[in-house]
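J.: Dropping the structure in here first, questions after.
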Amino acid sequence: MLRFSKDKVFATVCIVIAAVLAVIVFSYPLESSYFPRILVVFIGAMGSLLLARHSLQKTVVKAAENFNQYKVQLNSATLVFSSIAAYTLSIYLVNYEIATALFLFFFMLALGYRKIAVMVATSLSLTFSLYLIFFEILAVARPDSLFFT
Amino acid sequence: MIDNILLGFVTLMDVGMLSAIAAGVIGGVLIGMLPGLSSTMGVALLIPITFSMPAQMGLGMLGGIYLASTYSGSISAILLNIPGTSAAVATLLDGHPMSQKGQSTRAIALATFGSCIGGMISVIALLFIAPPLAEFSLRFGSPEFFLLALCGITVIASLSAGAMEKGLIAGALGLLLSTIGNHPLTGFMRFTADIPSLYDGIPLVVALIGLYSIPEVIDMIVRDKAGQVPIRQRDNANPFSFLPEVFRQKVNILRSSLIGVIVGIIPGVGCSVGGFISYDAAKRASKTPEKFGHGSAEGVIACETANNAVTGGTLIPLMTLGIPGNPVTAVLLGGLMIHGLTPGAELFTINADISYSFILSLFVANLLFVPIGLFVAKYCVKVTLIPMPVLAATIVALAVIGTFSIRGALEDVAIMLFIGAIGFILQLFGVPRAPMVLGLVLGTLAEGELARSLAIVHGDWSAFGIQLVTRPISLVILIFCIFALIQGVMQHRKKSKLLE
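First to last, the sequence lines map onto chains A and B. First residue of the first sequence? That's 1 in this note's numbering, and the numbers climb one at a time after it. First residue of the second sequence? That's 150 in this note's numbering, and the numbers climb one at a time after it.
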């Protein structure tokens, strides 16, 4: 069973991020980077403090974090991020309306929903509502697409 | 002045005028409720529509949008854990937990009545104490504004639920994200990786959508897979039954209103900061601070009263000095000018009929958003009964189009995803997201004022430090910051001991 302290991992991640950002920010001219320099040092210091506090504390590491739960979270995150990326790409390729209706349908399907009639009705009505609110009432310019503009 | 107030009342008695205010309130409630549609965007988009109207009517409509959208951001914050506008960020802390307990109507009712009272008090402040208070805020220089931002950070520290360091790190990350783009004085590009979309920095609304919608959708999926379906009981409570609960919190309401008005008067601070400061003050004064963050009625009332009290406050420097307190009032300034009005003494003398009818129309707008908001919210409560896949898909589609609508750029969706990934990582490690938002909100102000303060003393840090302790207002803010930080540390220690 994988055992680790969430806070220790977070603190380590912060120290690494602070170190990487420090390399970038300290290469900028001083007068343009006072503020980010202070912040990067602050993040590193807070990360070190958190790590030190957790390393020195006599606390018993609680029951191991449920690794399976993290796996579910990561899988869900992958699904959400990749779906949004694919949706945005399809807006670029086809047009907003087709891409939105398809995205809504397939995203619901990917999440395990199987009521086809509800899915079709939701996809079409929501696409129409969003089109009406944003492009007709609020006059937001429609995104440019390669096909079916 | 009494004559002018009476004249304003007469103007208000027109059906067209009342219809314009009502249309503004309805539009504002819808705009504020939809994540990604900011008050600024709503006001900006509707200015051309008011162009053809008489000045009183047009300004009444814009005022209605401003007030109602500031309030209705709380509806989606409570129901979906996504703030409709940045003003409602603090409302998430207790509004959504209350909704998860099946008390959506109660949370929305408390937010509505709190917003209405806060808004009314701020309009009274606008009407009677505008000139002297606006004059006082002019005494604030760059060091004071920088310290105000620091003050926000100390509030973050005491707001953090877990380890204090985690809250501070999240706040610093937010501040760091706000430095993306050009330096406020030198124009030097930082962290842009030559991506044009990042030259002007990360738009706040895009960041808010990413930070709140993406982790929320992921969390919904995880909860659904784990079989932890949130309480979706039908909530048919009468919202007006919660009115006595609001009136029982007179001190909280008065304190929050006062904080909101003062924060509103100080330019650049904004509704979200007012909400956070008021929330923190309510938590410190509360007999049951442990309930904060878990659905506390005091918390919801405090932040909603304050963020709507900010609206009237921001109009004080705008109308008397022409200094917009936040982006919405900057757009409203454009609206005033389009109607041929110039802020300042002239507005209260030559154009007194227009300005007083505008101020009084804000009273009407504050009263109108109660029935309209509660009516809309009554149907919005049903959002919690929608199956998870339908709700998740709707939120994602709204987040994408909301992000796109800010600057009309699909590249912003990538920025939203990047911020969403940070939000997800923070959620994974149990780090509060609110400090990061506050960091993002305060970042530009803090960096700009630090750069200006240093430029005044030719980059001499010791001279800057001396400035901070020798200027009376900055010294007071500094002492308040130190006090808040120490109190935060003591509270965390106390909590740790209790846990041990």
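Glycine included, C-beta positions come from ideal geometry on N, C-alpha and C. Bear in mind the structure is a predicted one, so any value in this text is a computation, not a measurement.
Can you give the Cα-Cα distance for A:Phe105 and B:Gly177, rounded to whole angstroms?
T.: Taking the first sequence and counting its residues from 1, one reaches residue 105 of chain A at position 105. Taking the second sequence and counting its residues from 1, one reaches residue 177 of chain B at position 28. Straight-line Cα distance between these residues: approximately 30 Å.
J.: Any Cβ of chain A within less than 8 Å of the Cβ of B:Glu596?
T.: The sequence position of residue 596 of chain B within the second sequence is 447, counting from 1. Closer than 8 Å: yes.
J.: Nearest chain A C-beta to B:Phe294 closer than 8 Å, yes or no?
T.: What you label residue 294 of chain B is simply residue 145 of the second sequence in a count that begins at 1. For B:Phe294, the answer is no, since every Cβ of chain A falls outside 8 Å of its Cβ.
J.: Which runs of the alpha helix (DSSP H) at least 4 residues long sit entirely within the segment 390-448 of chain B? Give them in chain order.
T.: Complete alpha helix (DSSP H) runs here, min 4: 392-396, 399-414 and 420-434.
J.: Assign B:Glu495 to one of two classes, buried (16 or more other C-beta atoms within 10 Å of its C-beta) or exposed (fewer than that).
T.: Taking the first residue of the second sequence as position 1, residue 495 of chain B is located at position 346. When all chains shown are included, B:Glu495 counts as exposed.
J.: Checking contacts by CB at 8 Å: is B:Ile318 closer than that to chain A?
T.: Within the second sequence, numbered from 1, the residue matching residue 318 of chain B stands at position 169. Interface annotation, B:Ile318: in contact with chain A, CB-CB separation under 8 Å.
J.: Count the other CB atoms within 10 Å of the CB of B:Asn387; is the residue buried (16 or more) or exposed (fewer)?
T.: The residue labelled residue 387 of chain B in the question sits at position 238 within the second sequence. B:Asn387 comes out exposed.
J.: Pairs of beta-carbons, one from the segment 260-268 of chain B and one from the segment 593-601 of chain B, closer than 8 Å: are there three or more?
T.: no
J.: With a threshold of 8 Å between beta carbons, is B:Val422 in contact with chain A?
T.: Translated into the one-based positions of the second sequence, residue 422 of chain B becomes position 273. For B:Val422, the answer is no, since every Cβ of chain A falls outside 8 Å of its Cβ.
J.: Between which two residues does the alpha helix (DSSP H) containing B:Ala375 stretch?
T.: Position 226 of the second sequence, counting from 1, holds the residue named residue 375 of chain B. Counting along the chain, B:Ala375 falls outside any alpha helix (DSSP H), and DSSP gives it neither H nor E.
J.: Compute the Euclidean distance between the alpha carbons of A:Leu130 and B:Ser248, then round it to the nearest angstrom.
T.: Taking the first sequence and counting its residues from 1, one reaches residue 130 of chain A at position 130. Taking the second sequence and counting its residues from 1, one reaches residue 248 of chain B at position 99. Straight-line Cα distance between these residues: approximately 26 Å.
J.: Do B:Met468 and B:Ser504 have their beta-carbon atoms positioned less than 8 Å apart in this structure?
T.: As a first step, residue 504 of chain B is located in the second sequence; it is residue number 355 there, counting from the start. As a first step, residue 468 of chain B is located in the second sequence; it is residue number 319 there, counting from the start. Going by C-beta atoms, B:Ser504 is nearer than 8 Å to B:Met468.
J.: For chain A, is any of its Cβ atoms less than 8 Å away from the one on B:His668?
T.: The first residue shown for chain B is 150 and the last is 649, placing residue 668 of chain B beyond what the model contains.
J.: For B:Ser405 versus B:Ala431, is the C-beta distance shorter than 8 Å?
T.: Walking along the second sequence from the start, residue 405 of chain B turns up at place 256. Walking along the second sequence from the start, residue 431 of chain B turns up at place 282. Yes, Cβ-Cβ distance for B:Ser405 and B:Ala431 is below 8 Å.
J.: Given this structure, state the Cα-to-Cα distance separating B:Gly484 from B:Ala375, to the nearest angstrom.
T.: As a position in the second sequence, residue 484 of chain B is number 335, starting the count at 1. As a position in the second sequence, residue 375 of chain B is number 226, starting the count at 1. So the two alpha carbons sit approximately 51 Å from each other.
J.: Could you please tell me which residues of the segment 350-378 of chain B, in chain order, have their CB closer than 8 Å to any CB of chain A?
T.: For the segment 350-378 of chain B, the residues whose beta carbon sits under 8 Å from a beta carbon of chain A are, in order, Ile363, Val366, Ile367, Ile370, Val371, Asp373, Lys374 and Ala375.
J.: Whose Cβ in chain B lies nearer than 8 Å to the Cβ of A:Val72?
T.: Along the first sequence, one-based indexing puts residue 72 of chain A at 72. Within chain B, the residues whose beta carbon sits less than 8 Å from that of A:Val72 are Val371, Lys374 and Ala375, listed in sequence order.
J.: How long is the line joining the alpha carbons of A:Cys14 and A:Gly44, rounded to whole angstroms?
T.: Residue mapping note: residue 14 of chain A aligns to position 14 of the first sequence, counting from 1. Residue mapping note: residue 44 of chain A aligns to position 44 of the first sequence, counting from 1. Cα-Cα distance, rounded: 6 Å.
J.: Relative to the alpha-carbon of B:Phe613, which residue among B:Phe337, B:Arg255, B:Ser225 and B:Pro292 has its alpha-carbon at the smallest distance?
T.: Your numbering for residue 613 of chain B matches position 464 in the second sequence. Nearest C-alpha to B:Phe613: B:Pro292.
J.: Residues in its own chain within less than 7 Å of A:Tyr87 by CB, not counting five upstream and five downstream?
T.: Sequence index remark: in the first sequence, residue 87 of chain A carries index 87 (1-based). Taking C-beta separations shorter than 7 Å and ignoring five residues to either side along the sequence, the partners of A:Tyr87 in its chain run Ala99 and Phe103, following chain order.
J.: By the three-class DSSP mapping on this structure, what secondary structure does B:Met202 have?
T.: Here residue 202 of chain B corresponds to residue number 53 of the second sequence, with the count starting at 1. B:Met202 falls in the coil class under three-state DSSP.
J.: Note the first and the last residue of the continuous alpha helix (DSSP H) segment covering A:Ser145.
T.: Taking the first residue of the first sequence as 1, we reach residue 145 of chain A at position 145. Taken as a continuous stretch (DSSP letters only), A:Ser145 belongs to no alpha helix (DSSP H), as it is neither H nor E.
J.: State the Cα-Cα distance for the pair A:Val41 and A:Ala18, rounded to the nearest angstrom.
T.: The residue given as residue 41 of chain A occupies position 41 in the first sequence. The residue given as residue 18 of chain A occupies position 18 in the first sequence. About 7 Å.
J.: So the alpha helix (DSSP H) B:Phe567 belongs to, where does it begin and stop?
T.: Here the question's residue 567 of chain B lines up with position 418 in the second sequence. Counting along the chain, the alpha helix (DSSP H) containing B:Phe567 begins and ends at Glu560 to Leu577.
J.: At 8 Å on the CB atoms, spell out the chain B contacts of A:Ser76, in chain order.
T.: Looking up residue 76 of chain A in the first sequence gives position 76. Here the neighbours are Ile367, Ile370, Val371 and Lys374.
J.: With 8 Å as the C-beta to C-beta threshold (strictly closer), list the residues of the segment 511-541 of chain B near chain A in chain order.
T.: Along the segment 511-541 of chain B, the positions whose C-beta sits under 8 Å from a C-beta of chain A are Pro536, Met537, Pro538, Val539 and Ala541, read in chain order.
J.: Answer with buried or exposed for B:Lys399, where buried requires no fewer than 16 other C-beta atoms within 10 angstroms of its C-beta.
T.: Translated into positions along the second sequence, residue 399 of chain B becomes position 250. So B:Lys399 ends up on the exposed side.
J.: Along chain A, in chain order, which residues have C-beta atoms closer than 7 Å to that of B:Ile550?
T.: Against the second sequence, residue 550 of chain B aligns to sequence position 401. Neighbours of B:Ile550 on chain A, chain order: Leu130 and Phe134.
J.: Which residues in chain B have a C-beta closer than 9 Å to the C-beta of A:Phe107? List them in chain order.
T.: If you number the first sequence from 1, residue 107 of chain A lands on position 107. By Cβ distance, chain B contributes Pro538, Ala541, Ala542, Val545 and Ala546.
J.: Can you tell me whether A:Ser55 is buried or exposed, with buried defined as 16 or more other CB within 10 angstroms of its CB?
T.: Counted from its first residue, the first sequence places residue 55 of chain A at position 55. A:Ser55 comes out exposed.
J.: Let me make sure I understand the geometry here. Which of A:Ala52, A:Phe35, A:Ser27 and A:Met119 has the alpha-carbon closest to that of B:Gly608?
T.: Numbered from 1 along the second sequence, position 459 holds the residue referred to as residue 608 of chain B. Of the candidates A:Ala52, A:Phe35, A:Ser27 and A:Met119, the one whose C-alpha sits nearest the C-alpha of B:Gly608 is A:Phe35.
J.: Verify whether the separation of the beta carbon atoms of B:Leu464 and B:Ala204 is less than 8 Å.
T.: Counting from 1 along the second sequence, the entry for residue 464 of chain B is found at position 315. Counting from 1 along the second sequence, the entry for residue 204 of chain B is found at position 55. Cβ atoms of B:Leu464 and B:Ala204: not closer than 8 Å.
J.: Should A:Ala22 and A:Gly47 be called a contact, given that it needs their Cβ atoms to be closer than 8 Å?
T.: Here the question's residue 22 of chain A lines up with position 22 in the first sequence. Here the question's residue 47 of chain A lines up with position 47 in the first sequence. Contact: no.
J.: Within 8 Å of any Cβ in chain B, is that where the Cβ of A:Ala86 sits?
T.: To locate residue 86 of chain A, count along the first sequence from 1; it is residue 86. Not an interface residue.
J.: Just to confirm, are B:Met679 and B:Ala319 a CB contact at a threshold of 8 Å?
T.: Here chain B has residues from 150 to 649 only, and residue 679 of chain B is not among them.
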